[in-house]
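Per our numbering, numbering through the sequence shown is continuous, rising by one, with the last residue being 1749.
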Amino acid sequence: MKRLLFFISILTIASLSTACTMTGKKKDEIKVGVIASLKGDQASFGQSNWSGVKMAFDEINARGDLGKKIVVYVEDDRSKAEEGATAAKKLVEQTGVHAIIGEVASSISLAAAPIAQKNKVPMISPASTNPAVTKVGTYIFRVCFIDPFQGEAMARFAKNQLKSKRAAIITDIKNDYSVGLAKFFKDTFTKTGGEVVADVSYSAGDIDFKAQLTAIRTKNPDVIFIPGYYTEVGLIARQARELGLKQPLLGGDGWDSPKTVEIGGAAIENSYFSTHYSPEDANPRVQEFIKRYKEHFGTVPDAMAVLGYDAAYVLADAIKRAGGVDSEKLRDAIAETKNFPGISGSITIDQDRNAQKPLVVLKIENGQYKFVDSVM
Ligand code: PHE
């Protein structure tokens, strides 16, 4: 009996001490989860974003800005919404993260956000622009502008700068971002006296767009708006040119990847898209960032990398102001973010947990993204 009691007490001590080291560990570390598309159709987005996030946290840890170490747990959702939800569950329930950065694609953020919200884990999307994302709840934020702004800006650009009266739209109906952006473009274009003469669709993963493009050709539009992601955008551009369509092609931030010109080649030349930052921005902070990023990764950062970097810094700044990672305090601190000097512009979180920021319109010229205009 004595031996049994002794054994039990040893076991209790053992389990207590593991509990202590576990909570002790949790206290010394700040756990941040990252949900990113490291593989799959949107891998360019996920990888750029992860590079930006990682660079930011490495800098923050090296300087010891928060007094504690930030440990980052990245989960690959392979560009799939269901896997984004699985990743969020794992980060929240198993890893026990204090905050999440992600996702970039609106459809994946929409799948992951309800899990963060339910568990009161603050989530900051670097780049999801669909309005519904932050409406999921009070713990869900973003550091980018939203699609009503982007859609309106491109519709005005088409009308005022390109003098177009007739637009065609080709939408990815499997993509919440694409469906939303198509609608917002159409709203402004028609409200300002333009006409949408063809409104056709495809599904992400399609490779043949000839039927839709032929339908567009019969309507002879002045401009073609393609609110999709880089893979399909590149293919659509090529097939449009093959079918003899010479109109300017327009798009949104889903074009912002080096892959767009890689896939689109000559067919995508002289097209325009709206996005979050221009590498030509003369601001010395931006240029200094580009230089450091190039040293790390050997490429010029795209918008996704910049927004990942900014999201990580906004989170770190909020953790500092909150005095730690208490869930409610951290949520409130993120909500109170004001004039934070991001690389993608000054970030103020508004009452809808979005960031109102200017956009830039870029033109594809000789395979480069050239600054054309900025819209406040
Ligand atoms: N805004 C896109 C979305 O919501 C994602 C994206 C952002 C893509 C920035 C490229 C650059 O799905």
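Glycine is no exception: its CB is placed at the ideal position from the N, C-alpha and C atoms.
### Query
According to DSSP, what are the bridge partners of residue 1544?
In the DSSP secondary-structure assignment, residue 1544 is bridged to 1574.
### Buried or exposed (CB count within 10 angstroms, at least 16 for buried), residue 1398
Low local confidence applies: a pLDDT of 45 at residue 1398 is under 50, so the model's placement there is unreliable, with the coordinate-based value given in what follows. It counts as exposed.
### Task
Measure the Cβ-Cβ separation of residue 1554 and residue 1600 and say whether it is below 9 Å.
Result yes, Cβ atoms of residue 1554 and residue 1600 sit closer than 9 Å.
### Message
Contact defined as beta carbons within less than 8 Å: I believe residue 1421 pairs with residue 1749. What is the distance between those atoms, to the nearest angstrom?
### Response
So it is not a contact: roughly 25 Å between Cβ atoms.
### Task
Look at the Cβ atom of residue 1525, then the Cβ atom of residue 1557, and state whether they are nearer than 9 Å.
Yes. Within cutoff.
### Task
Label residue 1616 either buried or exposed according to how many other C-beta atoms from any shown protein chain fall within 10 Å of its C-beta, with 16 as the threshold for buried.
Exposed.
### Short Cβ contact (9 Å threshold) for residue 1643 with residue 1736
Yes, these two residues count as a Cβ contact at 9 Å.
### Query
In whole angstroms, what separates the C-alpha of residue 1738 from that of residue 1404?
Rounded to the nearest angstrom, the two C-alpha atoms are 42 Å apart.
### Query
Contact check, residue 1707 vs residue 1514 under 8 Å by CB: the rounded distance?
The pair is a contact, with the Cβ atoms about 5 Å apart (cut-off 8 Å).
### Message
Considering only DSSP beta bridges, list what residue 1732 is partnered with.
### Response
Within the DSSP secondary-structure output, residue 1732 pairs in a beta bridge with 1748.
### Message
Measuring only the C-alpha atoms, how far is residue 1402 from residue 1434?
### Response
Going from the Cα of residue 1402 to the Cα of residue 1434 covers about 11 Å.
### Task
For residue 1419, collect the residues of the same chain with a Cβ closer than 6 Å to its Cβ; drop the 5 residues on either side in sequence, then sort them by chain order.
Within its own chain, the residues whose Cβ lies closer than 6 Å to the Cβ of residue 1419, once the five positions on either side in sequence are excluded, are 1409, 1410 and 1411, listed in chain order.
### Query
Hey, how far is the Cα of residue 1506 from the Cα of residue 1479?
So the alpha carbons of these two residues sit roughly 7 Å apart.
### Query
Just to confirm, does residue 1500 get its C-beta within under 8 Å of one of the non-hydrogen atoms of ligand 1?
At least one heavy atom of ligand 1 is nearer than 8 Å to the Cβ of residue 1500, so yes.
### Query
Run through DSSP, which three-state label would residue 1619 get?
Residue 1619 falls in the coil class under three-state DSSP.
### Query
Can you check whether the CB of residue 1414 is closer than 9 Å to the CB of residue 1624?
No, they are not a contact pair.
### Message
On the DSSP letters alone, give me the boundaries of the beta strand (DSSP E) that residue 1556 sits inside.
### Response
Per DSSP, residue 1556 lies in no beta strand (DSSP E) segment; the continuous alpha helix (DSSP H) that holds it begins and ends at 1549-1564.
### Top-ranked residue by Cα proximity to residue 1602, from 1698, 1457, 1690 and 1648
Comparing alpha-carbon positions, the option among 1698, 1457, 1690 and 1648 lying closest to residue 1602 turns out to be 1648.
### Query
What residue from 1452, 1542, 1459 and 1463 has the CA that sits closest to residue 1417's CA?
Of the listed residues, the one whose Cα sits closest to residue 1417 is 1452.
### Task
Jot down the residue ranges of each uninterrupted alpha helix (DSSP H) in the segment 1668-1730, minimum 4 residues, whole runs only, in chain order.
For the segment 1668-1730, whole alpha helix (DSSP H) runs of length 4 or above, ordered along the chain, are 1676-1695 and 1700-1708.
### Message
Just verifying my parser: in three-state terms, what is the DSSP assignment at residue 1585?
### Response
In the structure shown, the three-state DSSP call for residue 1585 is helix.
### Query
With residue 1662 and residue 1690 assumed to form a contact (beta carbons below 8 Å), what rounded beta-carbon distance in angstroms separates them?
Not a contact, Cβ separation roughly 16 Å.
### Task
To the nearest angstrom, report how far apart residue 1379 and residue 1446 are at their CA atoms.
Below a pLDDT of 50, predicted positions are generally treated as unreliable, and residue 1379, at 46, falls in that range; the measurement from the model is reported next regardless. Taking the straight line from one Cα to the other gives about 40 Å.
### Query
For residue 1449, which beta-bridge partners are listed by DSSP?
Residue 1449 is bridged by DSSP to 1409.
### Query
So what does DSSP say about residue 1646, is it helix, strand or coil?
Residue 1646 falls in the strand class under three-state DSSP.
### Message
So, under 8 Å CB-CB, residue 1497 and residue 1688 are touching, yes? Tell me the CB distance rounded to an integer number of Å.
### Response
The pair is a contact, with the Cβ atoms about 6 Å apart (cut-off 8 Å).
### Query
For ligand 1, any of its heavy atoms closer than 8 Å to the Cβ of residue 1810?
Past the boundaries of the shown model lies residue 1810; the chain is included only from 1374 to 1749, so the question cannot be answered.
### Query
Using the C-alpha atoms, what's the distance from residue 1620 back to residue 1704?
The alpha-carbon separation between residue 1704 and residue 1620 amounts to approximately 46 Å.
### Query
What number of angstroms, rounded off, separates the C-alpha of residue 1470 from the C-alpha of residue 1406?
Straight-line Cα distance between these residues: approximately 6 Å.
### Query
Is residue 1649 near ligand 1, judged by its Cβ being under 8 Å from some heavy atom?
Relative to the non-hydrogen atoms of ligand 1, the Cβ of residue 1649 comes within a distance shorter than 8 Å of at least one.
### Query
Apart from the five residues on each side of it in sequence, which residues of its chain come closer than 7 Å, Cβ to Cβ, to residue 1587?
A distance below 7 Å between beta-carbons, with the five flanking residues on each side excluded, links residue 1587 to the following residues of its chain, in chain order: 1616.
### Query
Are at least three pairs of beta-carbons, each pair with one atom in the segment 1539-1554 and one in the segment 1477-1493, less than 8 Å apart?
Remark: three or more beta-carbon pairs, one from each stretch, lie closer than 8 Å, so the segment 1539-1554 and the segment 1477-1493 are flagged as touching.
### Query
So which of 1694, 1646 and 1675 has the shortest CA-CA distance to residue 1531?
Cα-wise, what sits closest to residue 1531 is 1646.
### Task
May I ask which residues mark the beginning and end of the beta strand (DSSP E) holding residue 1356?
With the chain covering only 1374 through 1749, there is no way to say anything about residue 1356.
### Contact under 9 Å by Cβ, residue 1528 with residue 1561
In this structure, residue 1561 lies closer than 9 Å to residue 1528 by Cβ.
### Task
With DSSP as the reference, label residue 1638 as helix, strand or coil.
Helix at residue 1638.
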